[in-house]
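Visitor: I'd like to ask you about the structure that follows.
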Amino acid sequence: MWLNPWHRGPGGDMDLIATLTLKFGPKLAKAIAKLWLPKDSAALAAADDIAAHLSNRGEDFTTAQATRRLFDHIVSDIVLRLGKLIDAEFRDVSDNDREAAILAVGEAFESLSLSADMMRSELNGLTLEQRLARPEEASLQSQDGRTQDLAELLLRESCAYAVTVAAKLPDFSVPATRELLKRTLELSTELVQALDKVEAMRDVAPGNDLARNFEAQYRRAVAQRLDRMQLFGVRLIGAGAREPEISVAYVTLTSSRQDGTPTSDVDSALEKQTRVIVRGEAGSGKTTLLQWLAIRAANRDFEGVLAPWNARMPFYVYLRDHAEGQFPAPEQLVAGIDRKLVGLMPSGWARQALADGALLLIDGIDEVPVARRAKLLEWLKDLTETFPDAVLVLSSRPAALDAKLSHETTRKRLTKLGFEQIILEPMSLADSEALIIQWHRAVGRDLTDTDDRAKLERFEQDLIRTLRDRPAIRHLASNPLLCSMICVLNWDRQQLLPDNRMELYGLALTMLIEGATPTAAFRPPACPRWI
Numbered sequence: 001m002w003l004n005p006w007h008r009g010p011g012g013d014m015d016l017i018a019t020l021t022l023k024f025g026p027k028l029a030k031a032i033a034k035l036w037l038p039k040d041s042a043a044l045a046a047a048d049d050i051a052a053h054l055s056n057r058g059e060d061f062t063t064a065q066a067t068r069r070l071f072d073h074i075v076s077d078i079v080l081r082l083g084k085l086i087d088a089e090f091r092d093v094s095d096n097d098r099e100a101a102i103l104a105v106g107e108a109f110e111s112l113s114l115s116a117d118m119m120r121s122e123l124n125g126l127t128l129e130q131r132l133a134r135p136e137e138a139s140l141q142s143q144d145g146r147t148q149d150l151a152e153l154l155l156r157e158s159c160a161y162a163v164t165v166a167a168k169l170p171d172f173s174v175p176a177t178r179e180l181l182k183r184t185l186e187l188s189t190e191l192v193q194a195l196d197k198v199e200a201m202r203d204v205a206p207g208n209d210l211a212r213n214f215e216a217q218y219r220r221a222v223a224q225r226l227d228r229m230q231l232f233g234v235r236l237i238g239a240g241a242r243e244p245e246i247s248v249a250y251v252t253l254t255s256s257r258q259d260g261t262p263t264s265d266v267d268s269a270l271e272k273q274t275r276v277i278v279r280g281e282a283g284s285g286k287t288t289l290l291q292w293l294a295i296r297a298a299n300r301d302f303e304g305v306l307a308p309w310n311a312r313m314p315f316y317v318y319l320r321d322h323a324e325g326q327f328p329a330p331e332q333l334v335a336g337i338d339r340k341l342v343g344l345m346p347s348g349w350a351r352q353a354l355a356d357g358a359l360l361l362i363d364g365i366d367e368v369p370v371a372r373r374a375k376l377l378e379w380l381k382d383l384t385e386t387f388p389d390a391v392l393v394l395s396s397r398p399a400a401l402d403a404k405l406s407h408e409t410t411r412k413r414l415t416k417l418g419f420e421q422i423i424l425e426p427m428s429l430a431d432s433e434a435l436i437i438q439w440h441r442a443v444g445r446d447l448t449d450t451d452d453r454a455k456l457e458r459f460e461q462d463l464i465r466t467l468r469d470r471p472a473i474r475h476l477a478s479n480p481l482l483c484s485m486i487c488v489l490n491w492d493r494q495q496l497l498p499d500n501r502m503e504l505y506g507l508a509l510t511m512l513i514e515g516a517t518p519t520a521a522f523r524p525p526a527c528p529r530w531i
């Protein structure tokens, strides 16, 4: 059995919950397993359930059964959410028509086939919908078309939940995952919290059903793509099975203005600004800041001075993707999250969002060749003139802004377009300590050995003292990327840290190329996107 059909939750009558549980839940569970383990897609299709599959591939009995319990709990949770939604919006649909819709969507999930080289991060709810066989309209005929509408809603919401769960499950390539799967309660709590966020994004916009549904799914896709923080070196020491979320783990940075305005937190610097350049050295946190802004806008959970930005639709543009060719037209902006979204977007949706005051985050002026920066400025000029109510936030390293185009620097040309510059300042001692704590917590939650956890806590406190006692290390740790390097080197080298930046780089590169040293207790990283 995958699920308990008599578990009463906050929504849906028991006949509906039983139908979802018995006739849809197992197929949804198997689809989630395929998304989690795409290389095993064919074998999963033939297995009775996730526990049987894990046993077939040689996992121990305890891991297999713990994973089955986790899947049972999470799919039960999803079923209850779906039951509540169907009961609220399709109360007028007969039991027979409800069951027909549920069976049709179940068959669509059963047909899911994934390539062995697919990455979990490649899918979002909208693109998973696109991969699935659509429910047959002929089998869903009703006098008013409500059965088809129910099937479409069930498919859409189930896809959003499925990709969220698959992305949050621990990575089987990390050895610690087998022990993590036995922490059923801990993982279930994390997954339920993630599902809460997905549910909260449903039906957030005015307008017709097509636009409203696309917006909800697009917001979910933004969070799915961007809300992950890859802390440097975590996998080098055997952790990193679960990526911390930027929305939770982000350390607020401080900034100053070009005109000498006193340092403030970035939120305050951005308040009331509509044209902003975020200037910072390599590793200073520019990309992480822009991703954090996009995630907050997608979730509509800005607080404090940026709360008015909750009404802004986020668009994210990686300029490195446009180093050659044309810069994106409004209709192409959603491609920064997933190129497949372009073909699924309702006509005129992006232009309307921009006209209503979207948040356009444009990352990496320095990644555009000098010969193309004049074209970039023309593109920005067109955007600012066509959509005056949109907020544009750019990021760049200083050298690109100070480079001359004809007789003026890029920064001066941007100033003429109305852009103001804020400079990301080096982290304060308190900021560096916060990042050190965050890094060690990210590692610690994936360690299962009591001695290793105790050692990690000791190293964390010792490293914080080192920052206070050694000015050279404190200076290096004022850069987020270097601070993360220091954390992993502190572990790998048993707290023997260099004072020299170049030596630090050399040791970090050696680890990346060769893996952790033989003396390290753990082991291989996902490079961060701090830059």
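Take the sequence shown: its letter number 3 is residue 3 in the UniProt record's numbering, and every next letter is one higher. Cβ atoms here follow ideal geometry from the backbone N, Cα and C, with glycine treated the same way. All figures in this text were calculated on a predicted structure; none of them were measured in a lab.
Assuming A211 contacts P346 under a Cβ cut-off of 8 Å, what Cβ separation, rounded to an integer in Å, is found between them?
Guide: Contact flag correct, Cβ pair sits at about 5 Å.
Visitor: Please classify Y316: does DSSP put it in a helix, a strand, or coil?
Guide: Three-state result, Y316: strand.
Visitor: Inspect the beta-carbon positions of V278 and I422 and report whether they are closer than 9 Å.
Guide: Cβ distance < 9 Å, so V278 and I422 count as in contact.
Visitor: Are L507 and R470 closer than 9 Å when you measure CB to CB?
Guide: Cβ distance not < 9 Å, so L507 and R470 don't count as in contact.
Visitor: When burial is assigned at 16 or more other CB atoms within 10 Å of the CB, is residue 555 buried or exposed?
Guide: The requested residue 555 does not occur in the structure, where the chain is confined to residues 1 to 531.
Visitor: On the DSSP letters alone, give me the boundaries of the beta strand (DSSP E) that E420 sits inside.
Guide: Note, E420: beta strand (DSSP E), E420 to L424.
Visitor: Can you have a look at A42 and say buried or exposed, based on whether 16 or more other CB atoms are within 10 angstroms of its CB?
Guide: Answer is exposed; the Cβ neighbour count stays below 16.
Visitor: With a 10 Å radius around its C-beta and 16 neighbouring C-beta atoms as the bar for buried, classify K30 as buried or exposed.
Guide: By the neighbour-count rule (16 or more Cβ atoms within 10 Å), K30 is buried.
Visitor: Going by the beta-carbon positions, is the gap between T184 and H53 smaller than 9 Å?
Guide: No, they are not a contact pair.
Visitor: In the DSSP assignment, find the alpha helix (DSSP H) that holds S158 and state where it starts and stops.
Guide: Residues R146 to K168.
Visitor: Following a CB-centred definition, is I246 positioned closer than 8 Å to any heavy atom of the ligand PLP?
Guide: The ligand PLP is not part of the structure shown, which contains no ligands of any sort.
Visitor: Roughly how many whole angstroms lie between the Cα atoms of D402 and K416?
Guide: Approximately 15 Å, taken between the alpha carbons.
Visitor: Could you tell me the alpha carbon to alpha carbon distance between R146 and A47, rounded to whole angstroms?
Guide: R146 and A47: Cα-Cα distance of roughly 34 Å.
Visitor: May I ask which residues mark the beginning and end of the alpha helix (DSSP H) holding V198?
Guide: That run of the alpha helix (DSSP H) goes T184 to A200.
Visitor: Tell me the rounded alpha-carbon separation between R57 and F214.
Guide: Taking the straight line from one Cα to the other gives about 39 Å.
Visitor: Could you please give me the residues that DSSP links to T254 through a beta bridge?
Guide: In DSSP, T254 forms a bridge with D265.
Visitor: For Q273, count neighbouring C-beta atoms within 10 Å of its own C-beta (all shown protein chains included) and say buried if the count is 16 or more, exposed if not.
Guide: Exposed, by the Cβ-count rule.
Visitor: Helix, strand or coil: how does DSSP classify L435 here?
Guide: The answer is helix: DSSP assigns L435 an H, G or I state.
Visitor: Is it right to say A200 is buried, meaning 16 or more other beta carbons lie within 10 angstroms of its own, or is it exposed?
Guide: With fewer than 16 other Cβ atoms within 10 Å, it is exposed.
Visitor: Inspect the beta-carbon positions of L28 and A162 and report whether they are closer than 9 Å.
Guide: A contact, by the Cβ cut-off of 9 Å.
Visitor: Whole angstroms are fine: how far does the CA of A400 sit from the CA of L376?
Guide: One C-alpha to the other measures close to 12 Å.
Visitor: Measuring alpha carbon to alpha carbon, tell me which of R413, I50 and A294 ends up nearest D363.
Guide: When only C-alpha atoms are compared, the closest one is A294.
Visitor: For A516, count neighbouring Cβ atoms within 10 angstroms of its own Cβ and tell me buried if that reaches 16, exposed if not.
Guide: Note on A516: pLDDT 44, under 50, position unreliable in the model; no value is reported.
Visitor: Quick check on the DSSP output: what are the complete beta strand (DSSP E) runs of length 3 or more inside the UniProt domain "NACHT" (274–400), in order along the chain?
Guide: Runs of the beta strand (DSSP E) inside the UniProt domain "NACHT" (274–400): 275–279, 314–318, 359–363 and 391–396.
Visitor: Just to confirm, are T127 and D338 a CB contact at a threshold of 9 Å?
Guide: Cβ atoms of T127 and D338: closer than 9 Å.
Visitor: From D356 to L383, what does the alpha carbon distance come to, in whole angstroms?
Guide: Rounded to whole angstroms, D356 to L383 spans 13 Å at the Cα level.
Visitor: Within 10 angstroms of its Cβ, does A374 collect 16 or more other Cβ (buried), or is it exposed?
Guide: A374 should be labelled exposed.
Visitor: Can you pull the DSSP bridge partners for E408?
Guide: DSSP, once it has assigned bridges, lists L405 as partnering E408.
Visitor: Could you tell me whether the stretch 320–327 touches the stretch 102–114, where touching means 3 or more Cβ pairs closer than 8 Å?
Guide: No, they do not touch.
Visitor: Helix, strand or coil for A138 per DSSP?
Guide: Interpretation of A138 is limited by its pLDDT of 49, a score under 50 that renders its predicted location unreliable; no figure is taken from the coordinates.
Visitor: Does the distance from the C-beta atom of V393 to that of V276 stay below 9 Å?
Guide: A contact, by the Cβ cut-off of 9 Å.
Visitor: Assuming R474 and L482 form a contact by the criterion Cβ under 8 Å, report the distance between their Cβ atoms to the nearest whole angstrom.
Guide: The Cβ separation is near 11 Å, so there is no contact.
Visitor: For R228, which three-state DSSP category applies?
Guide: R228 falls in the coil class under three-state DSSP.
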